[in-house]
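And the structure:
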């Protein structure tokens, strides 16, 4: 290759670089326009909410008895107001959202909003994979801790728990900023678990730890198996419900029992209640260890309180969801029975109507014909009398 060829290739590269500069300038201009449009959307949303609040406050003056037409207009305004709130919320999902206090403390004032919907779903799927993989690793490490009593292996497992729950709370906070509907207790559950893992990490080796160690490892093995089953089944169920349009695309799998899990995952309830009972048993064991043997470290009492808090929160949340779903199911069954009865009655009425249509000619003659016959007979007699008079 001679120097002229190299010069020609460099000139071609210069032309391509000029195109790159033009593309980059256009990209920067679009970014500035994007920022301006975002600010305009924020201002318009703020204005919409301000005007809606004014209209809602004005509607409160119609507390007294109003006419039927005015009441209908007020109801329409209330319905349109609810619809507009939902529309504004949907628009906000496409705009950058402020990070929560927790993310600001951990990451600083960083924008963690994911504007592209495909990227949001990809991040959520990565979160699901992260949980499943770490759950399997935790199960294996807990099993090895049952077989081998090595301090280094224990600390590695507990450090994994600390890192797992810290990462989980950060990822869930990012998902919540991007529209994932994670319930308050389950986020609090992970924060409490992070604190518990931290306490376990600094719990010194001693008699109290050795008395609790084996039970704690059995607990982790059981919970890991249940969570693996739960995450696997939840993922399939969420996929079906999202396909049917009954769940949001950013909904995630999570510990515990939720209202949407009633359809297809109620068989997991006994395993979850056993896990919650295990948490209560851990709290009871630690409570006894706090008084015997003597000179128990503070970690025993703190872990006792944390396990008791987790048990109470989990059992209360699950017991609140299950009766609610049972009532909804009973209402749905009653509604379906009522619909079945009304459809059966409608079918019987339709069949009876068709039976009337089948014998309709003769019955119609007996019902409708007599007046016509009487009228015709009267006309005939009248015309006969007239003819006689004429004759």
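Residue numbers (the UniProt record's numbering): 1 to 391. Ideal Cβ placement from N, Cα and C applies to all residues, glycine included. Remember, predicted model here, so these are calculated numbers, not experimental data.
| query | result |
| --- | --- |
| Leaving aside the five residues before and after residue 366 along the sequence, list all residues of the same chain whose C-beta is less than 6 Å from its C-beta, in chain order. | The predicted model places residue 366 with a pLDDT of 32, which falls under 50 and marks its position as unreliable; any figure quoted below should be read in that light. For residue 366, where only same-chain residues beyond five positions count, there are no Cβ hits under 6 Å. |
| Mark residue 3 as exposed unless 16 or more other C-beta atoms lie within 10 angstroms of its C-beta, in which case mark it buried. | exposed |
| I need the DSSP call for residue 108, collapsed to helix, strand or coil. | coil |
| If you count every other CB in all the chains shown that lies within 10 Å of the CB of residue 18, and 16 or more means buried, which is it? | exposed |
| Quick one: any contact between the region 82-97 and the region 31-50, if contact means 3 or more CB pairs under 8 Å? | yes |
| Output needed for residue 219: all residues of its chain with C-beta closer than 7 Å, excluding positions within five of it in sequence on either side, in chain order. | 278 and 282 |
| Go through its chain and collect everything with a Cβ distance to residue 193's Cβ below 7 Å, but skip five positions before and after it. | 165 |
| How far does the alpha helix (DSSP H) with residue 38 in it extend, from its first residue to its last? | 3-59 |
| Return helix, strand or coil for residue 295, following the three-state DSSP convention. | coil |
| Taking 8 Å as the threshold, find out whether the region 101-119 comes into contact with the region 52-61 through three or more Cβ pairs. | no |
| What three-state label does DSSP hand residue 81 in the structure shown? | helix |
| Work out the CA separation of residue 221 and residue 404 for me, nearest whole Å. | For the chain, the structure presents residues 1 to 391; residue 404 sits outside this window and is missing. |
| With DSSP collapsed to three states, give me the class of residue 183. | coil |
| For residue 98, name the three-state secondary structure that DSSP assigns. | coil |
| Quick one: using the 10 Å Cβ neighbour count with 16 as the cut-off for buried, is residue 120 buried or exposed? | buried |
| In angstroms, rounded to a whole number, what distance separates the CA positions of residue 187 and residue 38? | 30 Å |
| With DSSP as the reference, label residue 290 as helix, strand or coil. | coil |
| Residue 129 and residue 231: beta carbons closer than 8 Å? | no |
| May I ask you to verify whether the region 150-170 touches the region 193-211, counting CB pairs closer than 8 Å and requiring at least 3? | yes |
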